[in-house]
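Asker: Let me begin by handing over the structure; questions about it come next.
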Amino acid sequence: MTTDLRYQRGRLLRNTLILLFQTAMIIYVVLIFYPLFNMVISSLKSTREIFQDPFGLPKAPRLANFRVVWVDKGFGIYFMNSFIVTAVSMVFVVLFGSMASFGISRYAYKARTLVYMLFLSGIMLPLKAAIIPLFILIKNLGLMDRQLSVILIFLAMGLPSTVFILSAFMKGIPRDLEYAARIDGCNDWMVYRMVIMPITAPAIALVTIYNAVPIWNDFFFPLVFLQSNRLKTVPVGLSSFFGQHSTDWSLLFTGLSIAILPMLILYLFMSRYFIRGMTAGAIK
Amino acid sequence: MMKTDVRKGLWISFFVLPGLLVVTLFILLPLFMSLFNSLFSWNQLLRGAFVGLENFRKIFSGYPYRERFLNALGNNAKWFLLTMLIQNTIGILFGYLLSRRLPGHGFFKRIFFIPVLFSIVAVGFLWGLYLKPTGLVNAALRLMGLGAYARAWLGQEEIATLSIIAVNIWRWVGFPSLVFLAAVDAVPADCLEAAYLDGVGEWTLFWRIVFPLIIPSVTVISVLTIIGSLNVFEQVYTMTGLDGSPNFSTDTIGTLFYRTAFGSVDSGNPEIGIGSAIGVIIYSLTFIASIVSIISTRSREVEL
Numbered sequence: 000m001t002t003d004l005r006y007q008r009g010r011l012l013r014n015t016l017i018l019l020f021q022t023a024m025i026i027y028v029v030l031i032f033y034p035l036f037n038m039v040i041s042s043l044k045s046t047r048e049i050f051q052d053p054f055g056l057p058k059a060p061r062l063a064n065f066r067v068v069w070v071d072k073g074f075g076i077y078f079m080n081s082f083i084v085t086a087v088s089m090v091f092v093v094l095f096g097s098m099a100s101f102g103i104s105r106y107a108y109k110a111r112t113l114v115y116m117l118f119l120s121g122i123m124l125p126l127k128a129a130i131i132p133l134f135i136l137i138k139n140l141g142l143m144d145r146q147l148s149v150i151l152i153f154l155a156m157g158l159p160s161t162v163f164i165l166s167a168f169m170k171g172i173p174r175d176l177e178y179a180a181r182i183d184g185c186n187d188w189m190v191y192r193m194v195i196m197p198i199t200a201p202a203i204a205l206v207t208i209y210n211a212v213p214i215w216n217d218f219f220f221p222l223v224f225l226q227s228n229r230l231k232t233v234p235v236g237l238s239s240f241f242g243q244h245s246t247d248w249s250l251l252f253t254g255l256s257i258a259i260l261p262m263l264i265l266y267l268f269m270s271r272y273f274i275r276g277m278t279a280g281a282i283k
Numbered sequence: 000m001m002k003t004d005v006r007k008g009l010w011i012s013f014f015v016l017p018g019l020l021v022v023t024l025f026i027l028l029p030l031f032m033s034l035f036n037s038l039f040s041w042n043q044l045l046r047g048a049f050v051g052l053e054n055f056r057k058i059f060s061g062y063p064y065r066e067r068f069l070n071a072l073g074n075n076a077k078w079f080l081l082t083m084l085i086q087n088t089i090g091i092l093f094g095y096l097l098s099r100r101l102p103g104h105g106f107f108k109r110i111f112f113i114p115v116l117f118s119i120v121a122v123g124f125l126w127g128l129y130l131k132p133t134g135l136v137n138a139a140l141r142l143m144g145l146g147a148y149a150r151a152w153l154g155q156e157e158i159a160t161l162s163i164i165a166v167n168i169w170r171w172v173g174f175p176s177l178v179f180l181a182a183v184d185a186v187p188a189d190c191l192e193a194a195y196l197d198g199v200g201e202w203t204l205f206w207r208i209v210f211p212l213i214i215p216s217v218t219v220i221s222v223l224t225i226i227g228s229l230n231v232f233e234q235v236y237t238m239t240g241l242d243g244s245p246n247f248s249t250d251t252i253g254t255l256f257y258r259t260a261f262g263s264v265d266s267g268n269p270e271i272g273i274g275s276a277i278g279v280i281i282y283s284l285t286f287i288a289s290i291v292s293i294i295s296t297r298s299r300e301v302e303l
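Sequence lines, in order, name chains B and P.
First residue of the first sequence? That's 0 in numbering that gives the first Met the number 0, and the numbers climb one at a time after it.
First residue of the second sequence? That's 0 in numbering that gives the first Met the number 0, and the numbers climb one at a time after it.
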C-alpha cells in the first residue's frame, strides 16, 4: 500500500518517531509477558526463594505445587463448575437469543419494535446495580447456592447483546430462501432451524465468544449466589484460595497460573476469533 | 385468513417469549424493583414504610453516608478521567500505529489483546502480589538502582487508587487499541491517498482526516469507559479489599454499594433502602453519562 510506504520513507524526525513508537509497543509487550513469565517461574519456587531471588529461575522446580492446587485445593472442581455454568448459560443464550432474533427480524407485526426495545433495554445498564432485587428474587425462587441461579442471570445478561447482533444479521438474509423453503413445506421452526440458523453460524460464533468470556470471568454473581465450596467457579474459588493462603506465595502463584494459563493457551490458538468476538459490540 | 393470523401470532410468541420471559424477570423487574425499593425504609429484608426520597436525601446529606458516598464518587471520577486520559490516548496511538503497518504489527496486535482475556480477579490478585512492599515491582526498582522509589503501592492513601488504575490500564489498553485499529482501517484509502498527494503531514492527516472519521468509535469507547468506571468493583476487591483500604482511599461506588447492600463492613447490617438508592444512582449516572457522551460526540461526527 502506497500510503504506508510514504509514511515510512519520511524525514529524520519521522524515522525517530517511528523508532520511538516501535519501542513503546515493544515495552508494552514486555510489560505483558514478563509478569506472566514471572508468575509461572514463581509458581515453581518455594516462597522463600520468591523473596530472596525474585527474578531467578527456580533452582529445583516444584511441579508438585500444581497437583496440590488442582487436586487438594479444588481448582479441578472450580474449573468443572466454571465450565458447566458457562456452557449451560451459552447454550440457552444462543438458543433463546437466536429464536428471539428470528421472531423479531423475520416477521412483520405491530409489537415488533416494542419487543426489540424490551430486549435491548438491558444492553448498556450494569445488572450488578440491581443485585438487591435479584438477591430477593433468587431467594424466593429457592435458588440460593444452586448453579441455576447464576445460569439464569448470565442468560439474562447475554440476551440483549445477542438479540442486537443476531437480529441485525438475520434481517440481511434474503426472503427468497425462506419462501423457497416454505414452498417445499417447511414450517416456521424448520425455516429457523434449517434455513436461517446455518446462514447465521458466523454471527453465532461471534456472539458466543462475546458472551462466553465475560461469563467465564464473572466474579460478582457467583460471589453473591454460590456459597458452597463445591459450587464455586474459578474466579470465586481463586478469591477464597487467596483468603486462605495469603502468606504462601508459592502456592498463590500456582493458583494464578492455573487460573490464567488455560485462557492464554486457548487464545494463542484462536486469537483471531477472540479479537473479533470480544470487540464485536464496539465495532460496526 | 383469521386462522393464518392466529398461527403466525403463535409462532412469533413461541420464538420470542422464552427470551422475553428471562429478560423481564431478571433484568426489567429487578431494575424496576430497585427504583421501587429505594423509596421505602427497610428492616433487614422486610419492606417498611414508604419514605419517598428519604434514602436519597440521606446519601447526599446524612452522616456517614454523604462522606462515604462523595469519597467513593470522587474515586470513580478519578477512574474515569485517568482511564480516558491515559488508556484511551494510548489506545488511539497504538490503534493508529498498528493501522500504519509498522513492522511486526500483526504480532503486536495479537499480544496487546492477551490481558483483555483474563479475569479482573486473576489480574487483580497477580498485581496485588507484585505491588506488595516485598513484591516484584519494588524488587525491580531496587535492581535498577531506583530503590528510593520503592513503596507500599497499595498501602499509601495518595497512590493506592492510582496503582489500581494502572493495573487496570495494563489489562485493558489492548481493547481500545484494537477498536481504534478497526476504525482507522475502515477509513477509505483514497481519502488518505488524496491527502498525501496534497502533501499533508502525518500529524495533520490524523487530526483533520482520520480523527473526525473515527469519532463513532471514540463515542463507543467513551461510553464503555463511563460504564466501566462506574462499575469498578473486582479491581478494588482483589487489591485493597472490600472496604477500600487504606482508610477508604480506594473505595468506589461499587464497593460501597456492596457493603451497603450486604452489610459487610461499615455498619454490620444490610441497608436495603440506602443500597437500592445507590443502585438507582448508578443506573441514572450510567444512563445520563452515556446520553451526554453520545450527543456531544455526535455533533462532531463527520459523514463521508
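The C-beta atom is built at its ideal place from N, Cα and C for all residues, glycine as well.
The structure presented is a predicted model; accordingly, all values stated were derived computationally and were not measured.
Using the Cα positions of B:Ala202 and B:Ile164, report the straight-line distance between them to the nearest angstrom.
Answerer: The straight-line gap from Cα to Cα measures roughly 7 Å.
Asker: Say whether the segment 94-114 of chain P touches the segment 167-179 of chain P, bearing in mind that this needs 3 or more beta-carbon pairs closer than 8 Å, one atom from each stretch.
Answerer: Short answer: they touch.
Asker: Run through chain P and tell me which residues come within less than 7 Å of B:Trp248, C-beta to C-beta.
Answerer: Within 7 Å Cβ-Cβ: Leu128.
Asker: Determine, for P:Tyr282, whether the minimum Cβ-Cβ distance to residues of chain B falls below 8 Å.
Answerer: So, interface residue.
Asker: Give me the Cα-Cα distance between P:Ile293 and B:Ile264, rounded to the nearest whole angstrom.
Answerer: So the alpha carbons of these two residues sit roughly 37 Å apart.
Asker: For a test of the three-state rule: what should DSSP assign to B:Gly141, helix, strand or coil?
Answerer: In this structure, B:Gly141 counts as coil in the three-state DSSP scheme.
Asker: Please state the DSSP three-state secondary structure of P:Val264.
Answerer: In this predicted model, P:Val264 has a pLDDT of only 45, less than 50, meaning its place in the structure is not dependable; the value taken from the coordinates is given anyway. Looking at P:Val264 - three-state DSSP - the assignment turns out to be coil, as it is neither helix nor strand.
Asker: Hey, could you find the ends of the alpha helix (DSSP H) P:Ser60 is sitting in?
Answerer: Note, P:Ser60: alpha helix (DSSP H), Glu53 to Ser60.
Asker: What does B:Val93 touch in chain P if you count any residue whose Cβ is under 9 Å from its own?
Answerer: Neighbours of B:Val93 on chain P: none; closest Cβ ~11 Å, over 9 Å.
Asker: Applying the criterion that 16 or more other CB atoms from any shown protein chain within 10 Å of the CB defines a buried residue, is B:Phe240 buried or exposed?
Answerer: Its Cβ being crowded by 16 or more others within 10 Å, B:Phe240 is buried.
Asker: Mind reading off the beta-carbon distance from P:Ile164 to P:Thr82? Whole number of angstroms is fine, and I expect it under 8 Å.
Answerer: Contact flag correct, Cβ pair sits at about 7 Å.
Asker: Identify, in the order they occur along the chain, each residue of the same chain with its Cβ nearer than 8 Å to the Cβ of B:Val84, setting aside the five sequence neighbours on each side.
Answerer: Cβ neighbours of B:Val84 beyond the five flanking positions: Gln146, Val149, Ile150, Phe153, Ile214, Pro221 and Thr232.
Asker: Let me see if you follow: with CB-CB separation under 8 Å, is P:Thr82 close to chain B or not?
Answerer: By this cut-off, P:Thr82 is not an interface position.
Asker: How far does the beta strand (DSSP E) with P:Leu45 in it reach, from first residue to last?
Answerer: P:Leu45 -> beta strand (DSSP E) spans Leu45 to Phe49.
Asker: Closer than 8 Å, CB to CB, is P:Arg109 near chain B or not?
Answerer: Interface residue, yes.
Asker: Taking C-alpha atoms, which residue in P:Trp10, P:Tyr62, P:Pro132 and P:Met238 lies nearest to P:Thr273?
Answerer: Residue identity differs from the one stated: residue 273 of chain P is Ile in this sequence, not Thr. Considering only alpha carbons, the answer is P:Tyr62.
Asker: Just reading off the beta strand (DSSP E) that P:Phe39 is part of, what are its end residues?
Answerer: Element bounds for P:Phe39: Phe39 to Asn42.
Asker: Rounded to the nearest angstrom, what separates P:Phe306 and P:Val120 at their Cα positions?
Answerer: Within the shown structure, residues of chain P are numbered from 0 to 303, placing residue 306 of chain P beyond reach of any answer.
Asker: How would you label B:Leu12, buried or exposed, when you count the other beta carbons within 10 angstroms and need 16 or more for buried?
Answerer: Exposed: under 16 other Cβ atoms inside 10 Å.
Asker: Of all the CB atoms in chain P, is at least one closer than 8 Å to the CB of B:Gly121?
Answerer: For B:Gly121, the answer is yes, since a Cβ of chain P falls inside 8 Å of its Cβ.
Asker: Could you please give the first and the last residue of the uninterrupted alpha helix (DSSP H) stretch that includes B:Lys170?
Answerer: Taken as a continuous stretch (DSSP letters only), the alpha helix (DSSP H) holding B:Lys170 covers Gln146 to Lys170.
Asker: Can you give the Cα-Cα distance for B:Arg192 and B:Tyr266, rounded to whole angstroms?
Answerer: About 30 Å.
Asker: On the premise that P:Ile225 lies in contact with P:Ser289, defined as a C-beta separation below 8 Å, what is that separation, rounded to the nearest angstrom?
Answerer: Indeed, because the Cβ distance is near 6 Å, the residues count as touching under 8 Å.
Asker: Please check if any C-beta of chain B sits within less than 8 Å of the C-beta of P:Ala151.
Answerer: Chain B, which has no Cβ nearer than 8 Å to the Cβ of P:Ala151, makes this no.
Asker: From P:Val264 to B:Leu140, what distance separates their C-alpha atoms?
Answerer: With a pLDDT of only 45 at P:Val264, under the threshold of 50, the placement of this residue in the model should not be trusted, and no figure is reported.
Asker: Any C-beta of chain B sitting closer than 8 Å to the C-beta of P:Gly90?
Answerer: So, not an interface residue.
Asker: Look at the Cβ atom of P:Asn75, then the Cβ atom of P:Ser275, and state whether they are nearer than 8 Å.
Answerer: No; because the gap between Cβ atoms is not below 8 Å, this pair is not in contact.
Asker: With a threshold of 16 other CB atoms inside 10 Å of the CB of P:Gln386, please say whether the residue is buried or exposed.
Answerer: In the structure displayed, chain P extends from 0 to 303; residue 386 of chain P sits before or after that span and is not available.
Asker: Just to confirm my understanding: we take P:Met32, look at its own chain, exclude 5 residues before and 5 after, and list those with CB closer than 7 Å. What are they?
Answerer: Answer for P:Met32: no residue qualifies.
Asker: For B:Asp175, does the count of other Cβ atoms within 10 angstroms reach 16, so buried, or fall short, so exposed?
Answerer: Exposed: under 16 other Cβ atoms inside 10 Å.
Asker: Please compile the residues from chain B whose C-beta is within a distance smaller than 8 Å of the C-beta of P:Asn36.
Answerer: Going along chain B in sequence order, the residues near P:Asn36 (Cβ under 8 Å) are Ile131 and Pro132.
Asker: Spatial neighbours of P:Leu16 within its chain, please: CB distance less than 6 Å, with the 5 preceding and 5 following residues excluded, ordered by chain position.
Answerer: Taken in chain order, the list of residues that qualify is empty.
Asker: Give a yes or no on whether the C-beta atoms belonging to B:Ala281 and P:Val186 are separated by under 8 Å.
Answerer: No, the pair does not count as a contact, with Cβ atoms beyond the cut-off.
Asker: What does the alpha-carbon distance come out to for the pair P:Ile281 and P:Leu72?
Answerer: P:Ile281 and P:Leu72: Cα-Cα distance of roughly 10 Å.
Asker: Is there a Cβ of chain B sitting closer than 8 Å to that of P:Lys321, yes or no?
Answerer: No information on residue 321 of chain P is available, as it lies outside the stretch 0 to 303 that chain P covers here.
Asker: I want to know whether the segment 100-114 of chain B touches the segment 270-278 of chain B - three or more CB-CB distances under 8 Å.
Answerer: No: fewer than three Cβ pairs fall under 8 Å.
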